[in-house]
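To start, the structure under review is shown below, and the notes come after it.
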Amino acid sequence: MRYINNIETLYIKDDDEISLLSTDTEFSFFATSNHTSTSTTSPNSPISIITHGINVQMDNIELHIFKLNDPSIINMIEKQLCKVNGIENVEINFATGNALIKYDKNLLGIRDIIEKVECLGLKCKLINNVKLTQLEYFTKRKSILKWKNSFFYSLSFTIPIIIISLIQNIVDVELFHGLFIGDLISLLLSIPVQFGFGKNFYIKSFKELKHGKFTTDILIIITSLFLFIISCISMIYSIFNSSHPLAMFDISTMLITFLMLNRYLENLIKRKSLESITKLLSLIPETTTILYINSITGDVTGKKIIPTECLQVGDIIKITPGIIIPSDGKVVSGSSDIDESIITGKNINNKIGRNVCCGDDVFAGTINGSGSFEMQIIRAGNDTILSQIIKSVKEAQTNKAPIQLFVDKFITYFIPIILLLGIISFILWKESSISIMIIACPCVLSLSGSITVMIGTEIGAQNGMLIKGGRIFEVGSKITEVVFNKTGILTQGKFDVAHYELNLSEITPETFFTIIEAAESSSEHPIGKAIVEFSKQLLNSNENEYDIDINNFESMTGYGIKCDVLLNTADHFSSYATSKIYNVLIGNLEFISQLYQIEIPQSALLIKEEQELLGRTTIFVAINDSFMGSLFLSDLIKPESKLTVVALKSMGLKVSMVTADQKLTAQSIASKCGIDVVYSQLSSKGKLNIIQSLQLSNEIVAMVGNIDDLNDSLALSKADISISLSSLTTDYNMDYSADVTLMNGNLLIDIISLLDLLRKLFNRMKYHFIYICLYSLLSLPVNILLLSLGIYLNPIFAVVFIYLFSLPVFFSNLLLKSWEKPLWKMSSQVNDDTKIRRVPTNEELKEFEFIQVLNEDPRTKTANILGKLKSSSEEPKDAILLLEKSHFGNQELPILSKERILQWIATDNNDIYHWYNGLLTKDEKFPDFKVTLIWPATETHIRKYSFQPRFLIRETPHIYETIVKPYIESIPPNRIQWVYNILSKKSESERILLEVEEESTGFILLPDMKWDTVTLENLYLIAIVHRRDIRCIRDLNDSHLPLLKNLRRQILQFVPQKYSGIRSDELRLFVHHLPSYYHFHVHVTHLRNDTIAGGIAIAKAYLLDDIIENLEKFAQDYYKKVTLTYILGENDPLFPQMNDIGARVTVDV
478 MRYINNIETL
488 YIKDDDEISL
498 LSTDTEFSFF
508 ATSNHTSTST
518 TSPNSPISII
528 THGINVQMDN
538 IELHIFKLND
548 PSIINMIEKQ
558 LCKVNGIENV
568 EINFATGNAL
578 IKYDKNLLGI
588 RDIIEKVECL
598 GLKCKLINNV
608 KLTQLEYFTK
618 RKSILKWKNS
628 FFYSLSFTIP
638 IIIISLIQNI
648 VDVELFHGLF
658 IGDLISLLLS
668 IPVQFGFGKN
678 FYIKSFKELK
688 HGKFTTDILI
698 IITSLFLFII
708 SCISMIYSIF
718 NSSHPLAMFD
728 ISTMLITFLM
738 LNRYLENLIK
748 RKSLESITKL
758 LSLIPETTTI
768 LYINSITGDV
778 TGKKIIPTEC
788 LQVGDIIKIT
798 PGIIIPSDGK
808 VVSGSSDIDE
818 SIITGKNINN
828 KIGRNVCCGD
838 DVFAGTINGS
848 GSFEMQIIRA
858 GNDTILSQII
868 KSVKEAQTNK
878 APIQLFVDKF
888 ITYFIPIILL
898 LGIISFILWK
908 ESSISIMIIA
918 CPCVLSLSGS
928 ITVMIGTEIG
938 AQNGMLIKGG
948 RIFEVGSKIT
958 EVVFNKTGIL
968 TQGKFDVAHY
978 ELNLSEITPE
988 TFFTIIEAAE
998 SSSEHPIGKA
1008 IVEFSKQLLN
1018 SNENEYDIDI
1028 NNFESMTGYG
1038 IKCDVLLNTA
1048 DHFSSYATSK
1058 IYNVLIGNLE
1068 FISQLYQIEI
1078 PQSALLIKEE
1088 QELLGRTTIF
1098 VAINDSFMGS
1108 LFLSDLIKPE
1118 SKLTVVALKS
1128 MGLKVSMVTA
1138 DQKLTAQSIA
1148 SKCGIDVVYS
1158 QLSSKGKLNI
1168 IQSLQLSNEI
1178 VAMVGNIDDL
1188 NDSLALSKAD
1198 ISISLSSLTT
1208 DYNMDYSADV
1218 TLMNGNLLID
1228 IISLLDLLRK
1238 LFNRMKYHFI
1248 YICLYSLLSL
1258 PVNILLLSLG
1268 IYLNPIFAVV
1278 FIYLFSLPVF
1288 FSNLLLKSWE
1298 KPLWKMSSQV
1308 NDDTKIRRVP
1318 TNEELKEFEF
1328 IQVLNEDPRT
1338 KTANILGKLK
1348 SSSEEPKDAI
1358 LLLEKSHFGN
1368 QELPILSKER
1378 ILQWIATDNN
1388 DIYHWYNGLL
1398 TKDEKFPDFK
1408 VTLIWPATET
1418 HIRKYSFQPR
1428 FLIRETPHIY
1438 ETIVKPYIES
1448 IPPNRIQWVY
1458 NILSKKSESE
1468 RILLEVEEES
1478 TGFILLPDMK
1488 WDTVTLENLY
1498 LIAIVHRRDI
1508 RCIRDLNDSH
1518 LPLLKNLRRQ
1528 ILQFVPQKYS
1538 GIRSDELRLF
1548 VHHLPSYYHF
1558 HVHVTHLRND
1568 TIAGGIAIAK
1578 AYLLDDIIEN
1588 LEKFAQDYYK
1598 KVTLTYILGE
1608 NDPLFPQMND
1618 IGARVTVDV
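So for the sequence shown, my numbering puts the first residue at 478; every next one is plus one.
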């Protein structure tokens, strides 16, 4: 924890707000200090501080204590429990034996409390079971049972009344003057329905009328009660006049029964709409086995079966194949595949799921695959992600859309109009007018909207989109502009230091990086973490050689950090004293040059502009009031960002980007994403101003950002809709305060799906509103017209008609559950330069039309084939098949490529073409081989993969620095993303043979695609290092010796153990220069591998043994000073420049 000391006076700014309802307070102030040596800030420096309340999380549990016979011990029990650290209050009800306990979840768990009660010699059990409470809410069990019973009981009384009314004209017995037995029986049968089963409607209606609120229930109840009273009055009147009474008990009871049927159907539909959550909750195991682990040996010393509800933080449990994980936790041993579709919304048919192993997070509600593992509970009960999703769904159902509020207001005015017309028509036409009030009632109008909201929120949750209620449906359907934050939204939010420039005079580079690593070590910002990681790699150590103290740390959101770093050392890097204080400033241009008046050289500003044109973020460093250097950080654009922008534009939406980055960096990123409108160099208030100005321009704004980022939160809170991205693999502590939280974190799929869902849901609400209103408004004049013409509609048929009229609305809502994420198609209005072509199907990819073999090389066992490929209605385009490993004749190639390919898998893409890998069938005639498709193929591809003369190249250090290195840096990042996907186990995790996880010396070993994994003499493995700062052999120095030696030692030990029959002295470890991709990797082959024997390594491969020996014997930058040789083809992008400067030596024959 960092403390800011030496502040004597705080001047709170007038325009800040302090919330007394929250434990968090944000304010700005000016600080002054009289301390001369270590003042916190310059006088009157603005600072932003967040103060957090004490981390106390109170919760309640209810226990039932058995055999509580003596009231005198109640007080003793309460006092004893209150003494327990973490228990705040205890209330015991002697009559019921129930104890309500308020406790701090950070200090105690449910099981701890139960054990404390049992220590007092009492037995108890948990009452408020979270799972049962949630199941009760979502299954509507009690409500459904209540209305089902009420409906059928009411119906059992209503049916005889209807039968009596139908036969009364034929068979009726008069008991005495004016009193008929049929009317008397109907009266007796209708009383239980009217005032027994219908009692709740009367109570509710009375309360609503008391508050001046009119609902459809009130209309039905008033009509029913009116008919009942009129019928009773008519019966009394007929006794005195000896006439036949006007008894309408059948209609009054039918109306009450109709209301009960409505309630029954409503709850059934609500349960149906939430069935996926109820199904999941019901499958969570009732009990869980916890393990007791010996902290020294790690052995399991015991097991205990407990109710799942009693799990608490820190428990270790065993997860067996096929069960639903009961709580959030971290894997401590074992591995498996987890189906997370219930949370992320990914394809439920994907049975493979996410592979988890030791150290990975797993979440409640997800389904374990075929593996077993042990996990430690991190969050339990109401704190799990699943519980948060359920809570979000429940809260969303109470959030009404503006159209629902309008409906409520419409009903408030419409119902009195119907009642007034009903009274007038009754005076004119008596009982014939009853059908007017019945048939014009918009009974399902308000109910329809709430069901749509319920189904919509459940669909969203099912697809990884947490939507906070009906308001979002309406506003989301009207969005006109989408504003993206840059970092972590359009980009991956994972910074890497791509380049740095130093301007050192008094300290060495080692001291410089030690200082900035220490200064940023406590930073939670992605840039700070990247600087720490990069510094560690350069220093080649995770443990610093200094004793370091950090004082007076300040962080200014959106600007930078300031602190004092005290280095205590015995002269490791410099000739300075053993202890020295460095005043450090790390931040952007405004922070360094304007706020702290540090002079930055013009040359550094020019380099800044060059780097920002590449889309890099510039960070300046000043030490002891002198400029010391610049760091340039890159943040890779997400592959789907450009597609998302194009898709949004095709939907008619405006797209813009806001960022705190400098203008050139922001424009570079935005142009790559296809965004035309960019707002850069913005503070949190600046982003807020942009949102508000767009709203003043009548734009409905959706902002996509990070709700827990201080730089975004203010603007997000003011946007019409705030959208936050989350990912289970990275964001364990998720924040659900945004209007919409996208759990899957896929920008293209989720944003487009979200907008499509919101539009469909709101359109459905509008259609229902129009349908019901038109019906109600038209039925009134039509009925009045029919009555004036003497045409009478029996009220019984009016009740049946309104019931039938309501059914389409119910079924229409249920049809929403069939919604699926849209397969996005580009609009024809999108410009050709931004049009993203459709990826062809596997069947289309099989229809490869052979043209010619471009090149065939028996040494590398490769063949490159040119052909045509037609997709859908498009014209055939050039495509190239790359076949590796086996040698075939020209006539056999098209047969193989067409008939043996089962499936194509897209592996990479850019704006021009896609790479695909082919999966092949087995064939005894031909051995297996790797197939790659490039489609559509450009002229550059055709030249590259055609036969070409090859030349031996001499690369001097000067040629590398002036030609090769700039070429490497210009290569698009997505061309190497597949390597990072392997390292992070997002792809090919099942092929990994060995992984060494040490940060500085770690690597992954897996089979090369050239090897069939069977023929040991053709063994070919690839070792890819974790470090990203080594691109090729030129980057190696003696600080990398631990990595190289560890890699050699581990491989020489592992491979003979893995593949019996291979000796370590038969293995060859070598490095290519130039490599095929610029992330350091080592090739591992068998001595007899014909790839080596064929001469491919001549003037290209450098043995790992030789590299290690050279780095040990010669200077640390040996490979920066020597001339290296390799072969280049005539069509290689580097060849023209190499040829121009005379680097070519001879033709490679």
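Cβ coordinates follow ideal geometry from the N, Cα and C atoms, glycine included.
Just so you know, the alpha carbons of THR764 and ILE1459 end up roughly 38 Å apart. When the alpha-carbon of VAL960 is set against those of MET1033, ASN980, ILE854 and VAL1135, the nearest one is in VAL1135.
The three-state reading of DSSP puts PHE571 in coil, since its state is none of H, G, I, E or B. Taking CYS1150 as the centre and dropping the five residues before and after it, the same chain places the C-beta of LEU967, ILE1114, SER1118, LYS1119 and VAL1122 closer than 7 Å to its C-beta, in chain order. Taking a contact to require three or more Cβ pairs closer than 8 Å, the region 984-1002 and the region 1216-1224 do not qualify as touching.
DSSP places ASN537 in the uninterrupted beta strand (DSSP E) bounded by 535-542. Per DSSP, ARG1420 has no beta bridge partner at all. With three or more CB-CB distances shorter than 8 Å, the region 1143-1158 counts as touching the region 1090-1104. Look at PRO803 here: in three-state DSSP terms it is coil, with no helix or strand label. Rounded to whole angstroms, GLY598 and LYS619 show a C-alpha spacing of 36 Å. Secondary structure at ARG948: helix, using DSSP grouped into helix, strand and coil.
Between the alpha carbons of VAL594 and ILE578 lies a distance of about 11 Å. For VAL1217, no alpha helix (DSSP H) encloses it; the enclosing beta strand (DSSP E) starts and ends at 1217-1219.
Around the beta-carbon of PHE735, 16 or more other beta-carbon atoms lie within 10 Å, marking it buried.
Here THR1439 is exposed. Its C-beta has fewer than 16 other C-beta atoms within 10 Å. Assignment of beta-bridge partners to VAL1042 by DSSP yields ILE1027 and TYR1059. ASN962 sits in a strand when the DSSP states are folded into three classes.
The secondary-structure analysis by DSSP pairs ALA1356 across a beta bridge with GLY1344. Across the structure, PRO1519 and LYS1597 are spaced so that their CA atoms are roughly 19 Å apart. By the C-beta density criterion, ALA572 is exposed, having fewer than 16 other C-beta atoms within 10 angstroms.
Ranked by Cα distance from GLU1324, the first of SER1295, ILE550 and ALA1356 is ALA1356. Within its own chain, no residue has a Cβ closer than 6 Å to the Cβ of ILE901 once the five positions on either side in sequence are excluded. Burial of GLU1031 is indicated by the presence of at least 16 other C-beta atoms within 10 angstroms of its C-beta. The three-state reading of DSSP puts ARG1545 in strand, counting E and B together.
With respect to ARG1431, THR1602 sits close: the two C-beta atoms are nearer than 7 Å. When LEU1470, HIS688, LEU1270 and ASP589 are compared, the shortest CA-CA separation from ILE915 is found for LEU1270.
Three or more pairs of CB atoms, one per stretch, sit closer than 8 Å, so the region 583-590 contacts the region 547-565.
When C-alpha distances from GLN645 are compared across PHE629, ILE662 and PHE634, the shortest belongs to ILE662.
In chain order, PHE678 and SER682 place their CB closer than 6 Å to the CB of ILE698, counting only its own chain and leaving out the 5 sequence neighbours on each side. Contact annotation, ILE658 with VAL670: C-beta distance approximately 19 Å; criterion of less than 8 Å not satisfied. SER1160 is positioned such that its CB atom lies closer than 7 Å to that of GLY1035. Straight-line measurement puts the Cα of ILE993 at about 29 Å from the Cα of ILE1448. Boundaries of the beta strand (DSSP E) harbouring ASN832: 831-833, taken from the DSSP string.
At a cut-off of 3 residues, the continuous stretches assigned as beta strand (DSSP E) that sit fully inside the region 1216-1303 are 1217-1219.
In this chain, the alpha helix (DSSP H) harbouring GLU595 covers 587-596. Scanning the region 1513-1543 from its first residue to its last, the whole alpha helix (DSSP H) runs of 4-plus residues come out as 1518-1535.
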